[in-house]
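Chemist: For the sequence shown, my numbering assigns the number 3 to the initial residue and increments by one for each residue that follows.
The beta carbon of each residue, even a glycine, is placed where N, CA and C say it ideally should be.
Quick one: the structure is below, and I'll ask about it shortly.
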Amino acid sequence: MSYEPPIHWNDYEDIAMALYEKFGDDFNESKIYRIRFTDLLEWVLSLPNFAGTREQANEGHLEQIQAAWVYEWRDNQD
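Set out below in structure tokens:
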């Protein structure tokens with residue numbers, strides 16, 4: 003079993019990859035940008051190796067995660 007290092011709030015690409023793996027194509031670009039931050043926060047906190055806390059979260063982190071998730075989704079549309 004491989005060791006997965008903990009993910010923190012500023013690991014936007016890692017969080018985005020984990021969200022894409024979890025939700026796949028259930029969310030396209032426009033749907034990702036319409037996700038409420040309250041939902042996004044819960045999803046990030048529930049990722050298996052996420053080490054950040056709710057208190058450390060801020061709107062900037064969530065915006066960066068949304069943008070990274072869109073790029074991740076686009077990268078998988080080939």
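On the DSSP letters alone, give me the boundaries of the alpha helix (DSSP H) that R76 sits inside.
Modeler: The residue labelled residue 76 in the question sits at position 74 within the sequence shown. Element bounds for R76: E61 to D77.
Chemist: Cα separation between H10 and N78?
Modeler: The residue given as residue 10 occupies position 8 in the sequence shown. The residue given as residue 78 occupies position 76 in the sequence shown. One C-alpha to the other measures close to 23 Å.
Chemist: What would DSSP say about F39, mapped onto helix, strand or coil?
Modeler: In the sequence shown, residue 39 corresponds to position 37, counting from 1. In the structure shown, F39 sits in a helix (DSSP, three-state: H, G or I).
Chemist: So, A20 versus L49, is the Cβ gap smaller than 8 Å?
Modeler: In the sequence shown, the residue the question calls residue 20 occupies position 18. In the sequence shown, the residue the question calls residue 49 occupies position 47. Yes, the Cβ-Cβ distance between A20 and L49 is below 8 Å.
Chemist: Let's test the definition: count the other Cβ atoms within 10 Å of the Cβ of A70 and tell me whether it reaches 16, buried, or not, exposed.
Modeler: Stepping through the sequence shown from its first residue, residue 70 is reached at position 68. A70 is buried by the Cβ-count criterion.
Chemist: Just grab the DSSP bridge partners of F29 for me.
Modeler: Numbered from its first residue, the sequence shown carries residue 29 at position 27. DSSP output for F29 lists no bridge partner at all.
Chemist: So is E57 buried or exposed if we call it buried at 16+ other beta carbons inside 10 Å?
Modeler: For the purposes of this step, residue 57 is taken as the residue at position 55 of the sequence shown. It is exposed - the Cβ of E57 has fewer than 16 other Cβ atoms within 10 Å.
Chemist: Less than 6 Å between C-beta atoms, sequence neighbours within five positions excluded: which residues of the same chain meet that for Y14?
Modeler: Here residue 14 is taken as the residue at index 12 of the sequence shown, counted from 1. Taken in chain order, the residues that qualify are Q66, I67 and A70.
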